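What follows is a single structure, written as structure tokens, with notes after it.
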Amino acid sequence: MSEEEKKMESVLTENRIFDPVELNPEYAKTGMSMDEYKKVYKQSIEDMEGFWGEQAKSLDWFKPYDKVWEKTDLFPGKWFGGGKLNVAYNCIDRHVKAGNGDRIAIIWEADEPGQVREITYKELLKEVSKVANAMRGKGLKKGDRVTIWLPMIPELAIIMLACTRIGVIHSIVFGGFSKEAVKDRIEDSDSRLLFTSDETLRAGKNYPKMADVVQIIDKVPTIENVIVVKRSGNDVPHTDKDIWYHDFIDGISEECEPEQMDSEDTLFILYTSGTTGKPKGVNHTTAGFLLYTSYSHRVVFNYKDGDVWYCTADIGWITGHSYIVYGPLANGATTLMFESVPTYPDVDRFWDIVERHKVNQFYTAPTAIRALMRYGDEPVNKHDLSSLKVLGTVGEPINPQAWTWYHQIVGKGKIPIVDTYWQTETGGFVMTPIATATPTKPGSCCLPFFGIKPAIFDLEGDEINEANEGGYFAIGQPWPGMLRDVWGDTERFKSTYLEKYPGYYYTGDGARRDDDGYYWILGRLDDVIKVSGHRIGTMEVESAIVSHPKVAEAAVAPFPHKIKGQAIWAFVTLMAGIEKSAKLSKEIRMHVRQEIGPVFQPDIIQFADALPKTRSGKIMRRILKAIASGTEIGNVTTLADPSVVDMLLEERKKMDVEVG
């Protein structure tokens with residue numbers, strides 16, 4: 043293998059630097075400085091146990107731990123062994139006992155504007171205790187599993203916390219997943235209860251829940267009862283195992299003694315897609331996960347007592363677990379849950395919410411930012427966003443064009459952006475700026491969080507120390523928030539994450555480190571395109587396309603090419619009001635050529651009104667690759683709008699492109 047082929051090429055350059063001290067000197071003084079970051083980071087690497095032991099003082103323990111970290115046969119090791127604590131107690135009880143019971147814990151913004159529910163910490167304690175007692179009444183005990191398949195309604199957070207109160211392990215399934223996905227996750231976890239709703243309300247439409255449950259209930263015999271939250275109130279099919287949620291908790295005591303949990307007890311299972319098709323149950327533990335999410339939330343976003351925190355994610359994903367529920371509530375925050383989509387009923391919905399609730403930290407996905415950019419600046423500018431202190435992004439690398447719009451239009455050029463990189467498996471941020479400390483570069487996740495020791499390897503397994511060489515991203519020191527295992531499949535845990543680079547956690551992502559030591563994530567390694575022997579991540583090509591002023595969003599896929607091996611097919615959506623034309627297609631190709639070089643210029647530009655996305659906003663690249671290559675499309679049930687695929691296929695036929 044040639045030296046070129048061992049590594050990934052990285053051709054995007056970004057030299058602009060945005061220093062939080064220069065953006066807003068007064069705000070920068072309220073949090074950590076860059077000098078402090080360097081000092082604390084050094085300590086977190088050189089004295090891992092001393093560092094995390096100090097941070098663990100922020101949690102309330104029933105019994106102190108004996109040892110911060112203990113080496114075991116597996117890379118994560120054992121954290122806070124001998125310690126006993128309870129997550130619900132740390133997220134609720136201690137705030138009530140500290141006199142903050144009347145503080146708003148959860149603001150719920152319903153699908154329809156104007157429907158808002160506010161729950162205080164005192165009220166949350168009562169609701170959580172009732173559900174916990176009701177589960178105990180059904181015979182559930184520490185270590186049992188339940189599956190939760192609910193929309194973004196307050197009961198979702200309440201049920202999660204009720205599980206943690208009595209040591210029951212929850213497995214949450216994203217509301218947009220199919221009934222087959224729910225069945226698979228129930229089977230893998232041997233869940234005893236299923237929590238769901240009659241229907242889901244989203245963007246003014248009703249979607250089935252119970253109508254799907256009745257089709258799978260006979261295939262999952264471990265489910266003893268289906269607890270149904272009444273959301274729409276419409277008539278829906280039922281099973282003989284159903285109990286209405288309001289009946290389930292009717293007359294139940296509002297006091298529930300929290301279970302004393304061991305530090306390493308499983309807190310929850312969250313399934314993530316696997317290449318084999320069988321989902322992987324990521325196993326997160328009690329003390330480590332709670333400490334890591336609460337500490338990272340507090341430090342990275344400079345959270346202060348009394349702030350209103352708004353993460354736009356769905357709780358069905360890890361971002362919602364970590365940074366809507368557990369991290370913010372452990373810090374006593376007011377956390378905002380949003381049931382709908384950013385464009386319903388109007389494209390200014392996010393900014394309306396920020397203004398009405400005086401949101402201080404706002405955390406969303408690049409896909410949402412790109413979608414809203416299409417509508418221009420006016421929907422943002424008509425709202426008072428002066429309450430905002432920090433902006434954040436999560437879910438995928440953000441291209442510099444979207445970063446700049448977010449900074450200039452939403453942040454008025456004064457608010458720091460934290461571009462966070464992490465995964466379901468990492469529990470919380472692993473690469474991120476610190477809001478008040480880190481000079482940022484658009485598109486870079488910047489520097490490692492505390493306790494994270496990053497490394498980049500080539501295909502042969504040699505560590506890359508040179509700047510600007512793309513490679514395979516791994517982490518060389520355990521941290522408390524990382525997964526401990528794959529549920530019921532330790533061999534899969536080892537083969538997926540630990541064996542590729544022994545002594546390291548392997549992320550499956552590509553990355554490069556620039557001349558300043560800043561890190562750039564190049565995307566999933568299964569999203570690498572190899573053109574004439576040159577390997578490049580799809581994200582870099584997409585960023586180059588989106589930097590064209592007439593382009594709103596782009597996704598690229600490889601297709602077979604007789605000479606190059608693979609060539610690049612680009613699916614491009616345009617800004618509102620821009621006409622598609624052959625001239626514009628050529629203009630975009632030349633623009634990419636200038637940005638990242640002729641080798642990575644797309645061979646084909648296919649204009650599209652929309653791209654195939656899941657309900658969480660992730661682009662389904664597998665489908666785009668199949669369209670470009672002319673191969674079988676496969677399952678499209680997880681798409682927000684499957685009709686997008688038909689439109690793309692129809693357009694593809696007209697293009698008459700030969701592949702192979």
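Quick note: the sequence shown uses our numbering, first residue 43, plus one each step. Beta carbons are placed, not taken as given, at the ideal position from N, Cα and C, and that holds for glycine. As the structure is a prediction and not an experimental result, all values here were calculated from the model.
Using only the alpha-carbon positions, how far apart do residue i and residue j sit?
{"i": "A664", "j": "G362", "result": "Sequence check: residue 664 is Arg here, not Ala. If you take the alpha carbons of R664 and G362, they lie about 25 angstroms apart."}
{"i": "V573", "j": "V634", "result": "15 angstroms"}
{"i": "M39", "j": "K695", "result": "Because the chain in this structure spans residues 43 to 702, residue 39 falls outside the shown range and cannot be described."}
{"i": "T318", "j": "R534", "result": "The pLDDT assigned to T318 is 46, lower than 50, so where the model puts this residue is not dependable, and the model offers no usable value."}
{"i": "D551", "j": "F219", "result": "24 angstroms"}
{"i": "N66", "j": "K456", "result": "6 angstroms"}
{"i": "V678", "j": "D568", "result": "19 angstroms"}
{"i": "I201", "j": "G246", "result": "25 angstroms"}
{"i": "I190", "j": "D61", "result": "42 angstroms"}
{"i": "D232", "j": "Y543", "result": "33 angstroms"}
{"i": "G181", "j": "N267", "result": "11 angstroms"}
{"i": "E584", "j": "N441", "result": "8 angstroms"}
{"i": "G73", "j": "K424", "result": "30 angstroms"}
{"i": "T335", "j": "V614", "result": "36 angstroms"}
{"i": "K221", "j": "V256", "result": "10 angstroms"}
{"i": "C353", "j": "L101", "result": "23 angstroms"}
{"i": "P196", "j": "I563", "result": "34 angstroms"}
{"i": "I366", "j": "V701", "result": "45 angstroms"}
{"i": "I610", "j": "D388", "result": "35 angstroms"}
Among the residues of its own chain, which have a CB less than 8 angstroms from the CB of residue i, if the five just before and after it don't count?
{"i": "D240", "result": "K251, M252, V270, V271, K272, R273, S274, G275, N276 and V278"}
{"i": "E438", "result": "A407, P408, T409, G565, M581 and K660"}
{"i": "T656", "result": "G218, M662, T680, L681 and A682"}
{"i": "I134", "result": "A147, Y163, L166, L167, V170, L203 and L371"}
{"i": "I675", "result": "I665, A668, I669, V687 and L691"}
{"i": "Q85", "result": "G92 and F93"}
Assuming residue i contacts residue j (C-beta within less than 8 angstroms), just tell me the rounded distance between them.
{"i": "K164", "j": "V188", "result": "Actually they do not touch by this definition, with Cβ atoms about 25 angstroms apart."}
{"i": "W111", "j": "E91", "result": "5 angstroms"}
{"i": "V350", "j": "K400", "result": "6 angstroms"}
{"i": "A597", "j": "L666", "result": "6 angstroms"}
{"i": "M617", "j": "R416", "result": "6 angstroms"}
{"i": "A208", "j": "E301", "result": "In the sequence as presented, Ala is not what sits at residue 208; that position holds Ile. Indeed they touch by this definition, with Cβ atoms about 5 angstroms apart."}
{"i": "T281", "j": "I259", "result": "5 angstroms"}
{"i": "P496", "j": "Y561", "result": "6 angstroms"}
{"i": "R577", "j": "E511", "result": "About 11 angstroms; that fails the 8 angstroms criterion."}
Run the CB neighbour count on residue i, radius 10 Å, all protein chains shown included, and call it buried at 16 or more, exposed below.
{"i": "G619", "result": "exposed"}
{"i": "A329", "result": "buried"}
{"i": "E64", "result": "exposed"}
{"i": "E306", "result": "buried"}
{"i": "V117", "result": "According to the sequence as given, residue 117 is Phe; it is not Val. Burial call: buried."}
{"i": "G141", "result": "exposed"}
{"i": "I605", "result": "exposed"}
{"i": "R159", "result": "exposed"}
{"i": "P640", "result": "exposed"}
{"i": "N344", "result": "buried"}
{"i": "I451", "result": "buried"}
{"i": "Q443", "result": "buried"}
{"i": "K628", "result": "exposed"}
{"i": "H288", "result": "exposed"}
{"i": "M43", "result": "Bear in mind that a pLDDT of 49 at M43, under 50, signals an unreliable position, so the number given afterwards is only what the model happens to contain. By the neighbour-count rule (16 or more Cβ atoms within 10 Å), M43 is not buried but exposed."}
{"i": "P106", "result": "exposed"}
{"i": "M707", "result": "Here the chain covers residues 43 to 702 and nothing more, so residue 707 does not appear."}
{"i": "D347", "result": "exposed"}
{"i": "K320", "result": "exposed"}
{"i": "D144", "result": "exposed"}
Near residue i, what residues of its chain come up, given a Cβ to Cβ distance below 6 angstroms and the 5 sequence neighbours on each side ignored?
{"i": "N175", "result": "I294, S295 and C298"}
{"i": "L427", "result": "V396"}
{"i": "G95", "result": "V110"}
{"i": "T314", "result": "K322, V324 and T466"}
{"i": "Y14", "result": "Because the chain in this structure spans residues 43 to 702, residue 14 falls outside the shown range and cannot be described."}
{"i": "P481", "result": "I59 and D61"}
Only counting the same chain, and skipping five residues up and downstream in sequence, which positions put a Cβ closer than 7 angstroms to that of residue i?
{"i": "T114", "result": "K120"}
{"i": "G358", "result": "I214, V215, F216 and G217"}
{"i": "V262", "result": "K225, I228 and E229"}
{"i": "Q97", "result": "L333 and Y337"}
{"i": "T468", "result": "G523 and M524"}
Determine whether the Cβ of residue i lies closer than 8 angstroms to any Cβ atom of chain D.
{"i": "A329", "result": "Structure shown: chain D not included; a single protein chain is present."}
Touching or not, the stretch 643-652 and the stretch 610-625, by the rule of three or more beta carbon pairs under 8 angstroms? Yes: the two stretches touch, three or more of their Cβ pairs being nearer than 8 angstroms.
Would you call the stretch 472-489 in contact with the stretch 450-461, where contact means no fewer than 3 C-beta pairs closer than 8 angstroms? Yes: the two stretches touch, three or more of their Cβ pairs being nearer than 8 angstroms.
Three CB pairs or more closer than 8 angstroms across the stretch 523-540 and the stretch 123-133: Contact between the stretch 523-540 and the stretch 123-133 is not established, with fewer than three Cβ pairs separated by less than 8 angstroms.
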